[in-house]
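A.B. asks:
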Amino acid sequence: MHHIFSSLKLLSNPGYRRYILIPLAANFILFIILTGILITLFADVIDIALNYIPSWLHFMAWVFWLVFGLALLIAYGLSFTFITNLIAAPFNGLLAEKIQRDQGIDLPEGETIRQIIMRTLWREIVKLSYFISYGLGVSLILFLISFIPFVNLAVPVLAFLWGSWCIAIQYLDYAADNYQQDFNDLKRLAKRPTFQTFSFGAGMTFLTMIPVVNIFVMPLAVANGTQLWIKDIHPLIEGKNK
169 MHHIFSSLKL LSNPGYRRYI LIPLAANFIL FIILTGILIT LFADVIDIAL
219 NYIPSWLHFM AWVFWLVFGL ALLIAYGLSF TFITNLIAAP FNGLLAEKIQ
269 RDQGIDLPEG ETIRQIIMRT LWREIVKLSY FISYGLGVSL ILFLISFIPF
319 VNLAVPVLAF LWGSWCIAIQ YLDYAADNYQ QDFNDLKRLA KRPTFQTFSF
369 GAGMTFLTMI PVVNIFVMPL AVANGTQLWI KDIHPLIEGK NK
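Taking this note's numbering, the leading residue of the sequence shown gets 169, the next gets one more, and so forth.
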């Protein structure tokens, strides 16, 4: 929570505004598109999912509706985040870099704008391949669990935890990539401050699930994730290198 308030204060600085406006514009356009799709398909997707419920479980249809509805809302939040981050990756990287340099982190010098764009886009592809490959396995497990009475109540919780991990890694990685930290190394070290990582991811995941609010989440999450990386991940790297 401390990082959220300090991030809001940081982003209010005029020097950061140019890194925020273009991603916000992209967010607004994608918000209209994805929210329109969600509103259009929500009821139909839920009905299709409920058709797979055995007849002897129809008395629990409202539970399944709640489970599938929450899972779909989480999927909406994650989709919004990953698509907008793919588009805004270079700007998010530059925002994270400014925060890092302003707080005294030594970063590699001499990159051109073209190199920064190519590096950040490639890193987004690496992250997406990780999220998709593991996400398919997680989705299959959650789908199977959803047909087990009472156990299926855990589906939204497990989906939220997975989403929180993904969001945390997504926004911690901008600072890590600027520092040329290996992605696998980031994932490993992010587990060390487990509570901080998951609480950050959970807070951002919750905000991405709220229409309109999710338009403004990206710069806050970049700033928040960068400060978390500086305070909790970077010292682990420095300690390992000593």
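Ideal placement from N, C-alpha and C gives every residue a C-beta, glycine not left out.
1) Output the distance between the C-alpha atoms of proline 317 and proline 276, rounded to the nearest integer angstrom.
2) Taking the alpha helix (DSSP H) that leucine 326 falls in, what are its first and last residues?
3) Taking only beta-carbon atoms, is valine 390 less than 8 Å away from chain D?
4) Could you tell me whether the Cβ atoms of valine 235 and asparagine 320 are closer together than 8 Å?
5) Cβ of tyrosine 342 within 8 Å of Cβ of lysine 266?
6) Thinking just about the alpha-carbon of each residue, which of Ala389, Ile205, Ile383, Pro258 is nearest to the one in isoleucine 425?
7) Is the Cβ-Cβ distance between tryptophan 397 and alanine 344 less than 8 Å?
8) Please go through the same chain and pick out, in chain order, the residues whose beta-carbon is closer than 7 Å to the beta-carbon of alanine 264, but skip the five residues on each side of it.
9) Tell me whether arginine 287 sits in a helix, a strand or coil according to DSSP, three-state version.
10) Could you check how far apart the C-beta atoms of threonine 373 and glycine 245 are, in whole angstroms? I think they sit under 8 Å.
11) Quick check: what's the CA-CA separation for isoleucine 201 versus glutamate 406?
12) Do phenylalanine 199 and isoleucine 383 come within 8 Å of each other at the CB atom, strictly closer than that value?
13) Rounded to whole angstroms, how far is the Cβ of lysine 355 from the Cβ of isoleucine 335, which I believe are closer than 8 Å?
C.D. replies: Taking the coordinates as given:
1) 54 Å
2) 323 to 346
3) As a matter of chain content, chain D is missing from the structure shown, which is built from one protein chain.
4) yes
5) no
6) No answer is possible for residue 425: it lies beyond the span of the chain, which begins at 169 and ends at 410.
7) yes
8) Tyr342, Ala343, Asn346, Val390, Thr394
9) helix
10) 6 Å
11) 43 Å
12) yes
13) Not really, about 14 Å apart at Cβ, beyond 8 Å.
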